[in-house]
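In the working numbering, the protein residues as written are 277 to 557.
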């Protein structure tokens with residue numbers, strides 16, 4: 277989306293908020309670019325003579341993150357890794373340097389963001405896995421293995437010009453189906469949980485990590501539960517930035533799901549972002 281088509285929904289002296297920032301070209305597609313040049317000489321009497329006329333075409337492939345983000349793609353996360361004092365009135369969120377990223381692919385349906393931020397306590401994660409290696413709730417599988425685990429659901433990963441190879445890996449987090457309604461935003465909520473912020477003024481603190489002042493923000497729809505630990509110390513919570521690309525199965529209002537749900541996703545934890553996928557099994 278070009279800047280002239282952007283209209284802020286909120287504006288003050290330091291910040292503008294836009295409800296979306298669609299890319300001009302769609303990620304994963306290939307576009308033709310044709311360039312031509314003509315040289316004309318003006319002869320006596322006003323007659324033009326063409327001295328040179330050439331043209332050529334190239335194809336440009338639009339690429340972008342799909343199953344991994346680099347640390348440089350992240351402008352910031354809230355709350356900070358290891359924080360135990362985040363206020364109850366602030367929802368967890370992640371700011372992305374690439375202002376169009378949440379809208380570069382289609383989510384469960386066309387014209388919906390393909391990213392969502394989900395928050396789970398370690399107790400909730402333990403209901404899906406008996407243990408976690410070193411507190412890491414993410415496991416890595418190949419694209420081929422993932423498609424074998426859930427036939428039909430992840431076929432889109434092997435389609436298109438940016439298809440993953442069978443040996444390419446993605447990361448997976450298991451979430452119980454019993455928590456699906458609580459954890460995963462409803463289809464109508466997805467557009468409301470992503471927005472673009474324009475940081476006005478050269479002295480804005482976020483300029484240190486994003487020099488053009490535009491960031492995409494993905495907000496969770498669920499707060500960490502301070503009482504989740506009961507009489508014990510509060511439980512650790514983990515936020516996962518998940519990918520809902522191509523998940524048409526999640527768009528259906530009535531779904532028959534196995535005990536666990538799996539999603540293509542990314543995890544935001546300990547100041548790093550890694551792709552994860554949630555799986556029904």
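Note that beta-carbon positions come from the ideal geometry of N, C-alpha and C, so glycine has one too.
Leaving out five residues before and five after residue 384 in sequence, what residues of the same chain have Cβ atoms less than 7 Å from its Cβ?
-> 463, 520, 523, 524, 526, 527
Under 8 Å by Cβ, that's how I've got residue 307 and residue 338 pegged, so tell me the actual separation to the nearest angstrom.
-> 7 Å
For residue 430, does the three-state DSSP call read helix, strand or coil?
-> coil
Endpoints, the beta strand (DSSP E) within which residue 517 is located | 513–519
Count the other CB atoms within 10 Å of the CB of residue 324; is the residue buried (16 or more) or exposed (fewer)?
-> exposed
Which word fits residue 335, buried or exposed, when buried means at least 16 other C-beta atoms lie within 10 angstroms of its C-beta?
-> exposed
What are the boundary residues of the beta strand (DSSP E) that includes residue 337?
-> 324–337
Please name the residue, chosen from 314, 342, 293, 330, that lies closest to residue 444 on a Cα-to-Cα basis.
-> 342
Among the residues of its own chain, which have a CB less than 6 Å from the CB of residue 436, if the five just before and after it don't count?
-> 304
Straight-line Cα distance separating residue 490 from residue 287 = 14 Å
Through-space distance from residue 340 to residue 460, alpha-carbon basis | 24 Å
Taking C-beta to C-beta, are residue 467 and residue 368 nearer than 9 Å?
-> no
Given a cut-off of 9 Å, decide if residue 476 and residue 289 are closer than it, judged by their beta-carbon atoms.
-> yes
Where the beta strand (DSSP E) containing residue 491 begins and where it ends = 490–495
Cα-Cα, which of 518, 423, 517, 511 is closest to residue 558?
-> As shown, the chain starts at 277 and ends at 557. That puts residue 558 outside it, with no answer to give.
Output the distance between the C-alpha atoms of residue 285 and residue 300, rounded to the nearest integer angstrom.
-> 20 Å
To the nearest whole angstrom, what separates the beta carbons of residue 453 and residue 415, a pair I think is in contact under 8 Å?
-> The pair is not a contact, with the Cβ atoms about 18 Å apart (cut-off 8 Å).
Leaving aside the five residues before and after residue 294 along the sequence, list all residues of the same chain whose C-beta is less than 8 Å from its C-beta, in chain order.
-> 282, 283, 284, 285, 471, 472, 473, 474
Relative to the alpha-carbon of residue 398, which residue among 331, 450, 318 has its alpha-carbon at the smallest distance?
-> 450
Look up residue 290 in the DSSP assignment and say whether it is helix, strand or coil.
-> coil
Minimum C-alpha distance to residue 391 - residue among 366, 488, 439, 469 = 469
So what does residue 311 bridge to, in DSSP terms?
-> 332
Classification of residue 458 by the beta-carbon crowding that lies within 10 angstroms, buried from 16 upward = exposed
Exposed unless 16 or more other CB atoms sit within 10 angstroms - verdict on residue 400 | buried
Should residue 449 be counted as a contact of the ligand FAD given a C-beta to heavy atom distance under 8 Å?
-> With respect to the ligand FAD, the structure offers nothing, as it holds no ligand at all.
Could you round the C-beta distance between residue 355 and residue 494 to whole angstroms and report it? I think they count as a contact, below 8 Å.
-> 15 Å between Cβ atoms; not a contact.
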